[in-house]
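Chemist: Structure below; questions to follow.
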Amino acid sequence: MAGGTDGDGMRVHRRRLNLPRPAEPEVIVDGPAMPGEAEPLRYERGRGPLANDEVLANMRRRQRIKNAKVPADQHEDLTDRLPDIHGSKDPIALRLPTLLVEYLHLVALIEDLPLTAVFEAALMEKALSAPLRPDRAKERYFELADAMNVGRSHRGDSVSGLDLSRIREKAADLLAAIDELHGSDATVSSHRPDAAG
34 MAGGTDGDGM RVHRRRLNLP RPAEPEVIVD GPAMPGEAEP LRYERGRGPL ANDEVLANMR
94 RRQRIKNAKV PADQHEDLTD RLPDIHGSKD PIALRLPTLL VEYLHLVALI EDLPLTAVFE
154 AALMEKALSA PLRPDRAKER YFELADAMNV GRSHRGDSVS GLDLSRIREK AADLLAAIDE
214 LHGSDATVSS HRPDAAG
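Its first residue numbered 34, the sequence shown is counted upward by one per residue in the numbering used here.
See the structure below:
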């Protein structure tokens, strides 16, 4: 059933992303902490790209979680600065769709880059952009998957639609923020294009 489609033609395997992330472990901080160090940061409307202080605070929070799992004599010192992008590299294990991997192999070939550099460039773009609202992030994932899988022959139209959708969302967020600043009771509903538009 994971590969089937529902009544709207959407892939049934999409439901997997509706599962919540595992609960974040509690972090005990004795003394002052940076915002995001004791409690995980959550999405706030209108936020911009990640700030260095936010990334550093989350890095320290992750170090505290790791330290809590080992004896005190094995604790890492909490870092007070972010590592350089060209410094050490962390190994991570990911399972990626075969189609995506094949696309990236070809991108690497055409751009004359190692495959790792293609992955890093894509991830750096994501890391430097403003985080999406959680529900919008899931929508975006599915739109991109559809653009790769279902709409391969009409990729230009799909990508244009994605860009318009993102612009509409940002405009709705800006209008809502303006309403809040002016104390307006007006609500802004985000426009979602129908299948034809």
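Each residue gets a CB set at the ideal place from its N, CA and C atoms; glycine is no exception.
Using 8 Å as the threshold, is the stretch 74-86 in touch with the stretch 151-167, meaning 3 or more CB pairs across them?
Modeler: Judged by Cβ distances under 8 Å, the stretch 74-86 makes contact with the stretch 151-167, as three or more pairs qualify.
Chemist: With a CB to CB cut of under 6 Å and the five nearest residues on each side skipped, what residues in its chain are close to residue 94?
Modeler: Excluding sequence neighbours, residue 94 sits near 60 and 70.
Chemist: Tell me the rounded alpha-carbon separation between residue 108 and residue 98.
Modeler: Going by the C-alpha atoms only, they are around 10 Å apart.
Chemist: Select from 130, 104 and 153 the residue whose C-alpha is nearest the C-alpha of residue 174.
Modeler: Answer by Cα proximity: 130.
Chemist: Considering only C-alpha positions, which residue in the set 101, 102, 116 and 105 is nearest to residue 92?
Modeler: For residue 92, the nearest C-alpha among the options comes from 116.
Chemist: Work out the CA separation of residue 119 and residue 132 for me, nearest whole Å.
Modeler: So the alpha carbons of these two residues sit roughly 29 Å apart.
Chemist: What did DSSP end up calling residue 76 once you bin it into helix, strand or coil?
Modeler: Residue 76: coil per DSSP, three-state reduction.
Chemist: Anyone know if the C-beta pair for residue 147 and residue 155 falls short of 9 Å?
Modeler: No, they are not a contact pair.
Chemist: Roughly how many whole angstroms lie between the Cα atoms of residue 144 and residue 122?
Modeler: Straight-line Cα distance between these residues: approximately 23 Å.
Chemist: By alpha-carbon positions, which one of 114, 54 and 100 ends up nearest to residue 89?
Modeler: Looking at the Cα atoms, 114 is the closest of the given residues.
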